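Q:
Residue numbers (our numbering), protein chains in the order written: chain E, 1 to 386; chain X, 387 to 770.
Below, the structure written as structure tokens:
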């Protein structure tokens with residue numbers, strides 16, 4: 001029954017710390033750009049899937065209802081899919097099932113995030129992701145649990161902070177070539193090491209910024225896609241997995257939930273040897289060590305081996321496995337759901353050879369995007385082919 | 387090939403004004419355990435996708451899917467949240483089955499409204515943050531009052547007709563073991579109860595209750611294997627009108643018209659008014675039932691009021707509507723409301739509705755609305 005699904009257009013707004021545009025307007029800009037790039041209008045769109053992370057950022061209840069006119073969902077079947085930080089990559093997965101099921105032929109997928117309305121800092125929204133009884137009284141922040149995870153990862157495999165810092169150097173450097181980027185910069189490992197400690201071992205330059213922004217793609221069934229473009233990018237594999245709520249009982253050194261999600265997507269796409277078959281990857285990098293962590297979960301690096309790959313330059317744009325050629329969340333910015341969708345857009349442009357200065361050296365035909373979220377708990381993965 | 391997804395199992399827990407003995411997660415566990423038992427499946431082996439329908443603000447948690455996997459038996463499995471009504475969750479599970487990623491999919495939704503200290507305030511946060519929310523220090527149901535007034539004016543429906551909906555549904559709920567707000571009252575009592583936002587009164591406005599509902603859906607082939615009392619989803623549709631309340635036609639529920647058109651097309655329903663043996667439709671507020679009946683084409687425009695007065699929609703009438711007692715009689719379950727209506731219809735089609743049973747029930751229609759200030763709704767066509 002399953003039908004092949006293609007991405008036929010993509011659009012993205014600027015990523016900035018504070019955008020003047022409302023969530024509706026950001027959604028509008030991204031979906032208009034995606035429609036224009038595919039040569040379509042709203043009339044051609046049969047269904048809409050949207051993604052946005054906690055409503056607490058905007059302080060709007062049922063945010064999926066609030067912004068739906070901005071993206072063009074009036075009078076259409078609209079679903080808001082939601083898996084925390086994994087939402088961005090999951091939004092086109094929602095589009096995938098709309099089309100693959102045969103229910104709709106075209107689906108507009110929009111991810112929007114506006115973190116800036118929350119004062120004094122967007123991080124406060126994350127206090128309310130923790131268990132009301134056991135964790136909130138501790139005043140827990142996300143940075144605490146990341147520092148625990150980073151330290152555990154370093155301890156288990158004997159990894160140095162300097163090796164992890166190489167990821168921040170690479171991604172912020174790559175972002176200089178991204179027109180939407182918020183924090184593109186040429187920095188050194190030393191800069192990262194000397195940046196202000198936030199929650200040791202996590203330092204200022206190890207972390208992606210809070211951002212506002214939106215991104216969108218258009219999905220179409222095989223028949224429609226072939227009429228629209230000579231260069232469809234096929235969404236051949238999708239996978240997602242949620243681990244237990246009890247993150248304190250998890251192996252913090254290895255993301256098993258990412259492995260399971262990846263294996264689901266690889267199986268669907270018929271990928272047997274990911275390290276050989278995936279030619280460009282956009283794993284989720286809200287922190288520099290997370291890119292490494294995720295490369296291992298995605299089976300693109302052996303356990304504890306991703307830092308060496310990075311130090312050796314394998315993951316550079318001209319390397320054997322370019323990783324985050326966009327600049328990732330560390331460089332382009334991290335408007336949560338929109339950041340995941342930015343990764344989908346990047347692989348779309350890379351596989352079409354439309355990434356401009358960001359184009360990877362090798363002739364990449366198969367790419368991957370991945371996001372992660374919740375209480376270090378969810379993995380979402382897509383495999384794309386040109 | 388006609389569209390057909392099997393409802394292989396259903397379970398529920400709660401259905402009370404307060405459930406102080408159970409946490410949300412425990413309510414879910416009880417409902418899920420019963421649903422899995424009903425379907426004869428082991429969630430750890432037999433289910434490929436889990437869908438939860440929740441909204442953060444109702445839960446008091448940001449990113450509520452974090453707290454869903456364990457009690458559903460879904461750890462390290464594909465689980466996701468759809469921030470919407472349960473029928474849209476059912477549609478999601480249908481698409482997972484149709485696209486081949488699942489043979490069996492589970493849908494859960496719940497309400498733990500008794501934990502919410504300030505439900506009116508939470509509802510107010512649904513209004514536009516710039517144009518509406520901060521300008522009205524009013525009961526958030528003011529929009530329902532305005533919509534009701536417009537509906538009455540444009541359709542010529544009488545105030546008493548709306549009151550009759552509340553009388554009928556609360557009476558029906560007296561025979562329902564899940565009914566929390568059942569009552570034997572007359573129209574005068576309804577109309578003279580405290581005003582919410584004129585003309586809407588308190589007895590015409592449904593009240594929140596706690597509960598969790600879990601559905602097990604299966605592909606046609608798998609459902610036949612699991613096979614007892616299978617009810618089939620034959621068509622499903624959902625739609626949203628503009629979120630800008632000032633731009634809507636208050637007299638009509640356009641989102642229901644659109645959602646119904648999609649569901650009817652899938653199920654090949656040509657004349658809905660004579661097709662169904664029963665319907666469970668939105669009655670969050672009394673007038674909503676009439677407005678929805680018209681949007682679903684179960685009655686001509688402006689005729690639903692007279693029909694409810696004549697008894698057409700009574701349990702022993704020509705087309706029983708909300709024979710269960712609906713949201714007015716049973717109680718409102720937030721995003722689980724669509725699943726509640728589906729649950730009542732499934733029990734009817736299985737012949738397990740007890741004192742509520744409508745004789746010879748073979749085809750049922752269910753419809754839900756996400757509540758103020760949204761204009762999003764979903765429709766499903768069910769059959770034996």
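The beta-carbon is built from N, C-alpha and C at its ideal position, and this holds for glycine as well.
Note that the structure is a prediction, hence the values are computed from the model and not measured.
What are the residues of the stretch 456-476 of chain X that lie near chain E, defined by any Cβ-Cβ distance shorter than 8 Å?
A: Flagged, chain order: 456, 460, 461, 462, 463, 464, 465, 466, 467, 468, 469, 470, 474.
Q: Can you tell me which of the three DSSP states residue 220(E) falls into?
A: Within the first chain, numbered from 1, the residue matching residue 220(E) stands at position 220. Correct three-state label for residue 220(E): strand.
Q: Are any of the Cβ atoms in chain X nearer than 7 Å to that of residue 260(E)?
A: Counting from one through the first chain, the residue named residue 260(E) turns up at place 260. By this cut-off, residue 260(E) is an interface position.
Q: Please check the pair residue 681(X) and residue 638(X), which I expect to be a contact at CB under 8 Å, by giving their CB distance rounded to whole angstroms.
A: Here the question's residue 681(X) lines up with position 295 in the second chain. Here the question's residue 638(X) lines up with position 252 in the second chain. Residue 681(X) to residue 638(X), Cβ: 6 Å. Contact.
Q: Tell me, which residues are paired with residue 390(E) by DSSP?
A: The question about residue 390(E) has no answer here: the residues shown for chain E are numbered 1 through 386.
Q: For residue 629(X), which residues in chain E fall below 7 Å Cβ to Cβ?
A: Counting from 1 along the second chain, the entry for residue 629(X) is found at position 243. Under the 7 Å cutoff, chain E gives 65, 66, 68, 69.
Q: Could you tell me which residues DSSP puts in a beta bridge with residue 203(E)?
A: Taking the first chain and counting its residues from 1, the one referred to as residue 203(E) is at position 203. According to DSSP, residue 203(E) bridges with 197(E).
Q: Let me check understanding here. Comparing Cα to Cα, which of 13(E), 37(E), 92(E) lies closest to residue 113(E)?
A: As a working mapping, residue 113(E) is identified with position 113 in the first chain. Closest by alpha carbon: 13(E).
Q: Can a CB atom of chain E be found closer than 7 Å to the CB of residue 495(X)?
A: Locating residue 495(X) in the second chain gives position 109, counting from the first residue. So no, residue 495(X) is outside the interface.
Q: Around the C-beta of residue 292(E), are 16 or more other C-beta atoms found within 10 angstroms, so that it is buried, or is it exposed?
A: One-based indexing of the first chain puts residue 292(E) at position 292. Burial call: buried.
Q: Shorter than 7 Å from the beta carbon of residue 441(X) to some beta carbon of chain E?
A: Position 55 of the second chain, counting from 1, holds the residue named residue 441(X). By this cut-off, residue 441(X) is an interface position.
Q: Let's see if you can read the secondary structure: which residues bound the alpha helix (DSSP H) around residue 726(X)?
A: Stepping through the second chain from its first residue, residue 726(X) is reached at position 340. First-last of the alpha helix (DSSP H) with residue 726(X): 723-736.
Q: Run through DSSP, which three-state label would residue 347(E) get?
A: As a first step, residue 347(E) is located in the first chain; it is residue number 347 there, counting from the start. Here residue 347(E) sits in helix by DSSP.
Q: Under a three-way DSSP split, which group does residue 284(E) fall into?
A: Position 284 of the first chain holds residue 284(E). In the structure shown, residue 284(E) sits in coil (DSSP, three-state: anything other than H, G, I, E or B).
Q: In chain order, what are the residue ranges of uninterrupted beta strand (DSSP E) at least 3 long that sit wholly in the stretch 538-626 of chain X?
A: Correct list: 581-583, 596-605, 617-626.
Q: Between residue 300(E) and residue 275(E), is the Cβ-Cβ spacing less than 7 Å?
A: Residue numbering aside, residue 300(E) sits at position 300 when the first chain is read from its first letter. Residue numbering aside, residue 275(E) sits at position 275 when the first chain is read from its first letter. Yes, the Cβ-Cβ distance between residue 300(E) and residue 275(E) is below 7 Å.
Q: Please identify, using Cβ separations under 7 Å, the residues of the stretch 103-116 of chain E that lie next to chain C, in order along the chain.
A: Protein chains E and X are contained in the structure displayed, whereas chain C is not.
Q: When the distance is taken between beta carbons, is residue 16(E) closer than 7 Å to residue 212(E)?
A: For this step, residue 212(E) is matched to residue 212 along the first chain. For this step, residue 16(E) is matched to residue 16 along the first chain. The answer is yes: Cβ separation under 7 Å.
Q: Tell me, please, which residues DSSP counts as bridged to residue 370(E).
A: For the purposes of this step, residue 370(E) is taken as the residue at position 370 of the first chain. According to DSSP, which records beta bridges pairwise, residue 370(E) is partnered with 381(E).
Q: Give me the Cα-Cα distance between residue 706(X) and residue 698(X), rounded to the nearest whole angstrom.
A: Start at 1 with the first residue of the second chain, and residue 706(X) comes out as number 320. Start at 1 with the first residue of the second chain, and residue 698(X) comes out as number 312. So the two alpha carbons sit approximately 7 Å from each other.
Q: Just verifying my parser: in three-state terms, what is the DSSP assignment at residue 429(X)?
A: Sequence index remark: in the second chain, residue 429(X) carries index 43 (1-based). Looking at residue 429(X) - three-state DSSP - the assignment turns out to be helix.
Q: In terms of alpha-carbon separation, which member of 764(X), 543(X), 621(X) lies closest to residue 643(X)?
A: The residue you call residue 643(X) lines up with position 257 of the second chain. If we check each option's Cα against that of residue 643(X), 764(X) comes out closest.
Q: Is the stretch 77-90 of chain E touching the stretch 365-385 of chain E, taking contact as three or more C-beta pairs under 8 Å?
A: Yes: the two stretches touch, three or more of their Cβ pairs being nearer than 8 Å.
Q: Under DSSP, the beta strand (DSSP E) around residue 492(X) begins and ends at which residues?
A: Reading the second chain from its first residue, position 106 is the one you call residue 492(X). Note, residue 492(X): beta strand (DSSP E), 490-497.
Q: Run through the DSSP bridge pairs and tell me what residue 180(E) is partnered with.
A: Working through the first chain from its first residue, we reach residue 180(E) at position 180. Paired residues: none, contrary to the question.
Q: Between which two residues does the beta strand (DSSP E) carrying residue 436(X) extend?
A: On the second chain, position 50 is the one that residue 436(X) refers to. Here the beta strand (DSSP E) through residue 436(X) covers 435-439.
Q: Using the DSSP secondary-structure output, state which residues sit across from residue 391(X) in a beta bridge.
A: Your numbering for residue 391(X) matches position 5 in the second chain. Paired residues: 605(X), 619(X).
Q: Whose Cβ in chain E lies nearer than 7 Å to the Cβ of residue 508(X)?
A: For the purposes of this step, residue 508(X) is taken as the residue at position 122 of the second chain. Near residue 508(X) (Cβ distances below 7 Å), the residues of chain E are 61.
Q: If we ignore side chains and look at the alpha-carbon of each, how far apart do residue 173(E) and residue 602(X) end up?
A: Counted from its first residue, the first chain places residue 173(E) at position 173. Counted from its first residue, the second chain places residue 602(X) at position 216. Near 49 Å, if we compare the C-alpha coordinates of residue 602(X) and residue 173(E).
Q: Return yes when the C-beta of residue 271(E) is under 6 Å from any heavy atom of the ligand NAD, and no when it is not.
A: Among the components of this structure there are no ligands whatsoever, and the ligand NAD is therefore not found.
Q: Could you pull out every unbroken beta strand (DSSP E) segment of at least 3 residues lying fully inside the stretch 242-322 of chain E, listed in chain order?
A: Correct list: 280-282.
Q: Just the Cα atoms here: how many angstroms apart are residue 427(X) and residue 350(E)?
A: The residue you call residue 427(X) lines up with position 41 of the second chain. The residue you call residue 350(E) lines up with position 350 of the first chain. If you take the alpha carbons of residue 427(X) and residue 350(E), they lie about 44 Å apart.
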